[in-house]
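In the working numbering, the protein residues as written are 718 to 1085.
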Ligand SMILES: [Zn+2]
């Protein structure tokens, strides 16, 4: 599951992996304690306020097993040589951040399956352990823990992102089609469908008259699912466009303007040449800066004859000059390394080819 809300509190390390707790954990622990108290009071009558202690113990046991679920993901990933950045426990579950630089569908499938497998194992073990127990409260807690883990395990196996089953579906589609992004998009769509179903569930189950608790729970879960699925869909769509991201194709033809030329003259020259982008050059014709389109447009008409073009240009710093053949992931990495609104694109001999505008890259990534 993936939901990053608020800042997380660091608990410690397990096998070198940092473990964090999101503040939402405490909110949900409180919701579980209060929300399940009536059920416990019905099943264990005569405890008085002690029922709160039992439900709180249940919340702690539930999160301990969620923690083991996440540790199982992390250990499997480490076993495959994938670096794990951390485990975060948050409302309704946890999230293990794994660097999946160049995984294979098979490894992805096994890392994803490891969590639900442990939940189902804990559920089965708690159920078996409850059999010889005769004391009322421990037996009740073990059976509740068994039921909760079976639900967590089964729910996470649903084939919809951001659930583990969604990662598994993604890996299967990836394996069959050979297209990782197709897998992401299919599993993310399934996640959106599941989010809608979960939202409708309390209304369907209660015949149109659901409890407040049921609605609250369904809203929390469906928001988490919808958010995770939509984020995965956006990433999948963007990554599908990466191969088409090409400095050569996206670079705007540019005019070379001497640094001391006024804005009005620069605009006249660019208009004449039929270009939108401008590169500022020194007296020897060497590029020294790239005109910032927003700054240029912000110069009022009547000021344009008096402001030199260098005033609306950003000086070329290291990383602002991109080779013509940079593309895809490499292009994005270069842009992240040196954020700018415009970049100079040069050919193999260092000659100016044009200007790459970040806005054009964004548009290419988000175009449908
Ligand atoms: Zn999981």
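Note that CB positions come from ideal geometry on N, CA and C, so glycine has one too.
Compute the distance between the beta-carbons of residue i and residue j, then report whether it is under 7 Å.
i: residue 1070; j: residue 1041; result: yes
i: residue 998; j: residue 1030; result: no
i: residue 880; j: residue 873; result: yes
i: residue 835; j: residue 785; result: yes
i: residue 892; j: residue 822; result: yes
i: residue 908; j: residue 942; result: yes
i: residue 793; j: residue 736; result: no
i: residue 878; j: residue 852; result: no
i: residue 1036; j: residue 1055; result: yes
i: residue 910; j: residue 899; result: no
i: residue 813; j: residue 787; result: yes
i: residue 971; j: residue 996; result: yes
i: residue 862; j: residue 764; result: no
i: residue 994; j: residue 965; result: no
i: residue 1046; j: residue 967; result: no
i: residue 847; j: residue 837; result: no
i: residue 857; j: residue 918; result: no
i: residue 797; j: residue 759; result: no
i: residue 826; j: residue 888; result: yes
i: residue 831; j: residue 789; result: yes
i: residue 955; j: residue 1082; result: yes
Can you give the beta carbon distance from residue i to residue j, rounded, assuming they're within the 8 Å contact cut?
i: residue 1062; j: residue 1072; result: 7 Å
i: residue 992; j: residue 1032; result: Between residue 1032 and residue 992 the Cβ distance is about 20 Å, and since that is not below 8 Å, they are no contact.
i: residue 726; j: residue 782; result: At roughly 20 Å, the Cβ-Cβ gap does not stay under 8 Å, so residue 726 and residue 782 are not in contact.
i: residue 775; j: residue 753; result: 7 Å
i: residue 791; j: residue 734; result: 5 Å
i: residue 1039; j: residue 1051; result: 6 Å
i: residue 979; j: residue 1044; result: Not a contact, Cβ separation roughly 36 Å.
i: residue 915; j: residue 952; result: Contact doesn't hold; Cβ gap of about 22 Å is too wide.
i: residue 780; j: residue 806; result: 6 Å
i: residue 1017; j: residue 977; result: Not a contact, Cβ separation roughly 20 Å.
The alpha helix (DSSP H) that contains residue i, what's its start and end?
i: residue 854; result: 853-873
i: residue 1059; result: Looking at the DSSP string, residue 1059 is not in any alpha helix (DSSP H); the run it does join, the beta strand (DSSP E), is 1059-1063.
i: residue 951; result: 929-958
i: residue 841; result: 822-847
i: residue 882; result: 881-894
i: residue 904; result: 897-922
Hey, could you find the ends of the beta strand (DSSP E) residue i is sitting in?
i: residue 802; result: 801-807
i: residue 970; result: First-last for residue 970: undefined, no H or E at that position.
i: residue 730; result: 726-731
i: residue 814; result: 810-815
i: residue 1081; result: Per DSSP, residue 1081 belongs to no beta strand (DSSP E); it is in the alpha helix (DSSP H), 1075-1083.
Quick one: is residue i buried, meaning 16 or more other Cβ sit within 10 Å of its Cβ, or exposed?
i: residue 843; result: buried
i: residue 718; result: Bear in mind that a pLDDT of 40 at residue 718, under 50, signals an unreliable position, so the number given afterwards is only what the model happens to contain. So residue 718 ends up on the buried side.
i: residue 739; result: buried
i: residue 833; result: buried
i: residue 1075; result: exposed
i: residue 720; result: Any answer about residue 720 is weak, because its pLDDT of 42 lies below 50 and its placement is not dependable; what the coordinates show is given next. Buried, since its Cβ has 16 or more Cβ neighbours within 10 Å.
i: residue 845; result: exposed
i: residue 756; result: exposed
i: residue 929; result: exposed
i: residue 988; result: exposed
i: residue 1027; result: buried
i: residue 949; result: buried
i: residue 921; result: exposed
i: residue 1000; result: exposed
i: residue 1080; result: exposed
i: residue 1064; result: exposed
i: residue 934; result: buried
i: residue 772; result: buried
i: residue 990; result: exposed
i: residue 961; result: exposed
i: residue 901; result: buried
i: residue 897; result: buried
i: residue 849; result: exposed
i: residue 865; result: buried
Original post:
What are the uninterrupted segments assigned as beta strand (DSSP E) that are 3 or more residues long and contained completely in the segment 982-1065, given in chain order?
Top reply: 994-998, 1004-1008, 1030-1032, 1038-1040 and 1059-1063
**OP:** Mind listing, in chain order, the continuous beta strand (DSSP E) runs of no fewer than 3 residues lying wholly within the segment 734-766?
**Re:** 734-738
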